[in-house]
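Protein chains in written order, with the numbering used here: chain Z, 1 to 289; chain W, 1 to 353.
The C-beta atom is built at its ideal place from N, Cα and C for all residues, glycine as well.
Laid out in structure tokens, this is it:
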């Protein structure tokens with residue numbers, strides 16, 4: 001029973017982890033159809049922000065919840081203004097340019113901080129015990145934050161003026177523009193929000209994973225697989241794909257080993273896309289956000 | 001006119017190839033020959049991506065997967081077979097089979113270009129993390145230990161069906177260069193054939209081609225499989241020139257490099273990607289020695305600049321520039337001739353050009 005509870009917690013944490021690393025991408029890709037291959041590097045920058053800030057004496061909570069999203073969000077706005085703006089509607093070129101951006105960020109951070117792991121920080125929670133098993137309290141906290149993040153994005157896009165305008169622009173940019181919406185501003189705001197979410201996730205994961213200039217490569221594959229398997233409805237899609245892939249990953253990882261868990265995740269996603277090329281929400285929950 | 005120019009350029013590429021084939025080992029020292037062999041193996045990879053992306057419209061971000069699979073399959077087969085002849089054939093087949101299986105799921109699932117790019121990239125990255133974790137002695141295929149991130153020591157190529165006669169590194173160069181030339185002219189032939197023309201029309205307009213009665217899924221799958229086989233061949237040559245194959249062939253950096261070669265060289269040409277690979281190989285190894293600029297930083301900027309400013313790539317842009325200059329010169333010449341004859345029909349001549 002204790003084993004079961006510990007395993008369940010581990011699987012739920014795996015799901016929350018997938019949600020966290022892919023939600024920023026889901027906003028940018030799902031809303032704007034912009035493939036951001038520098039997504040992993042946004043997470044990496046969030047991690048570095050938290051580490052640098054805490055090493056300079058900033059409270060870890062402020063670093064995680066204010067500094068990381070703020071700074072990466074601003075970087076996102078700059079990127080949108082300098083690069084993405086020229087490439088709307090040219091999906092393949094965006095893909096290539098953001099890949100260039102990803103390499104650029106890796107190179108930049110390596111030049112500044114060196115290729116090795118920067119000073120790590122420890123998670124601000126101790127361990128919790130379930131019977132004979134112990135688990136990290138921080139993971140429990142991240143599960144909570146993942147749920148909160150999904151709820152926040154839902155509320156933002158469902159019930160605010162900004163969300164309404166953003167959804168309208170995504171459905172018909174010309175129509176929105178003729179109704180007086182500055183579509184350019186909507187695009188940059190959405191991109192900024194996506195980047196900020198990525199920064200937040202990167203900052204939150206920094207105590208667990210540590211930070212490396214090349215750590216984005218670990219996230220990018222999983223994040224894209226999750227978002228693409230999810231399909232067009234960004235929140236329902238990301239959530240359902242995270243649950244499915246995270247659960248399979250967790251179970252296979254427990255039975256066979258962590259490497260096989262990742263392989264199972266990938267194979268499942270490929271088979272899933274063969275059966276449902278539009279992603280999960282192409283067939284189920286079509287009308288959700 | 002256009003056709004004769006194509007034939008001329010093919011003949012000159014063949015001649016330059018033969019000059020390098022016979023000239024390089026005579027004029028260069030051993031170290032340069034070995035590094036040229038590595039560059040050539042990468043050029044074969046670039047060629048395969050140039051074929052499937054430039055002529056099939058298949059944006060594969062993980063072409064290095066088949067390159068690496070080819071290298072690994074060669075190493076494992078050569079160790080198990082005790083000779084390289086069968087191993088080369090087996091490795092090319094394994095790489096082609098891997099491409100065919102992955103391609104089946106992607107093309108018959110009708111994934112569009114961007115999704116396809118991400119899936120192929122993810123496959124590569126997963127291979128990277130899987131093979132990195134195979135360092136224990138329990139991970140072996142036959143007698144070949146996979147060796148985790150230390151990789152496998154690759155036995156050198158031997159004379160066909162004579163496993164006792166190993167080739168020296170300078171002879172491996174000949175094999176690699178011949179492989180590149182063969183692969184290049186195979187690709188040229190393929191793109192000129194009926195099959196290649198159907199693939200180009202799929203690249204231009206999928207729906208229209210399908211309405212003309214072609215099964216685009218099948219054509220794409222064939223193209224992808226051929227691309228995988230050529231990339232696998234490149235991987236075999238790479239493993240031989242380095243003498244070792246490690247999981248690093250699957251990492252993000254190399255996957256990006258392959259794309260950058262094709263972008264720089266020029267999509268829609270076959271010689272462009274080969275040039276791109278050779279230029280960038282020497283440029284990055286030069287920058288690596290200098291240790292002034294971080295290579296990732298440099299490559300990232302190059303990729304961004306090319307996408308924004310020179311989206312066609314070097315070779316097509318140069319050809320265009322050359323044509324424009326030539327036509328301007330011809331216009332000027334004919335204009336002079338006209339003036340000498342006392343006529344002023346310059347405008348019309350320009351229109352004709």
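One Cα belongs to residue 286 of chain Z, the other to residue 230 of chain Z, and the distance between them is close to 11 Å.
At least one CB of chain Z lies nearer than 8 Å to the CB of residue 113 of chain W. For residue 270 of chain Z, there are no CB contacts under 8 Å within the same chain when 5 residues up- and downstream are skipped.
Between the C-alpha atoms of residue 219 of chain W and residue 199 of chain W there is a straight-line separation of about 7 Å.
Short of 7 Å from the beta carbon of residue 298 of chain W, and not among the five residues preceding or following it, lie these beta carbons of its own chain, in chain order: 287.
Interface flag for residue 155 of chain W against chain Z is unset, since no Cβ pair is found closer than 8 Å. Counting only Cβ-Cβ distances below 7 Å, residue 270 of chain Z has contacts in chain W at 105 and 119, in chain order.
Judged by DSSP in its simplified three-state form, residue 208 of chain W adopts helix. The region 108-192 of chain Z contains, as complete beta strand (DSSP E) runs of 3+ residues, the segments 127-130 and 133-136 (chain order). Under DSSP, residue 222 of chain Z takes part in no beta bridge, so it has no partner. Annotation: residue 203 of chain W has no Cβ neighbours in chain Z at a cutoff of 7 Å; minimum Cβ distance is about 12 Å.
In the structure shown, residue 165 of chain W falls within a strand segment according to DSSP collapsed to helix, strand and coil. Between residue 139 of chain W and chain Z, the shortest Cβ-Cβ separation is not below 8 Å. For residue 262 of chain Z, the chain W residues whose C-beta falls within less than 9 Å of its own C-beta are 126, 129 and 130, listed in chain order. If the five residues before and after residue 244 of chain W are omitted, its C-beta is found closer than 8 Å to the C-beta atoms of 151, 152, 153 and 154, all from its own chain and listed in chain order.
Below 8 Å, too few C-beta pairs join the region 76-93 of chain Z and the region 214-224 of chain Z to call them touching: fewer than three.
Residue 262 of chain Z sits buried, since 16 or more C-beta atoms from the chains shown fall within 10 Å of its C-beta. Taking C-beta atoms under 8 Å as the contact rule, residue 53 of chain W and residue 339 of chain W fail to qualify, at a distance of about 48 Å. In the structure shown, the three-state DSSP call for residue 258 of chain W is helix.
Around the beta carbon of residue 189 of chain W, fewer than 16 other beta carbons sit within 10 angstroms, so the residue counts as exposed.
Between residue 144 of chain W and chain Z, the shortest Cβ-Cβ separation is not below 8 Å.
Among the CB atoms of chain W, one or more fall inside 8 Å of the CB of residue 274 of chain Z. When the beta-carbon positions are compared, residue 179 of chain W and residue 237 of chain W come within less than 8 Å of each other. Under DSSP, the beta-bridge partners assigned to residue 159 of chain W are W:162.
Residue 204 of chain Z is not a Cβ neighbour of residue 121 of chain Z, given a cutoff of 8 Å. Nearest to residue 183 of chain W by C-alpha distance, out of W:229, W:213, W:39 and W:329, is W:229. Distance check between residue 34 of chain W and each of W:217, W:197, W:177 and W:193 places W:177 closest, using alpha-carbon atoms only.
A direct Cα-Cα distance of roughly 6 Å separates residue 31 of chain Z from residue 170 of chain Z.
At a cut-off of 8 Å between beta carbons, residue 238 of chain Z makes no contact with chain W. Pairing residue 66 of chain Z with residue 251 of chain W, the inter-Cα distance amounts to about 33 Å. DSSP, read as helix, strand or coil, puts residue 337 of chain W in helix.
Assignment of residue 245 of chain W by DSSP, reduced to helix, strand and coil, places it in the strand class. Within the DSSP bridge table, the entry for residue 312 of chain W names no partner. Per DSSP, the beta-bridge partners of residue 152 of chain W are W:245.
The Cβ-Cβ distance between residue 103 of chain Z and residue 80 of chain W does not fall below 8 Å. Relative to residue 259 of chain W, the option among W:313, W:309 and W:73 whose CA is nearest is W:313.
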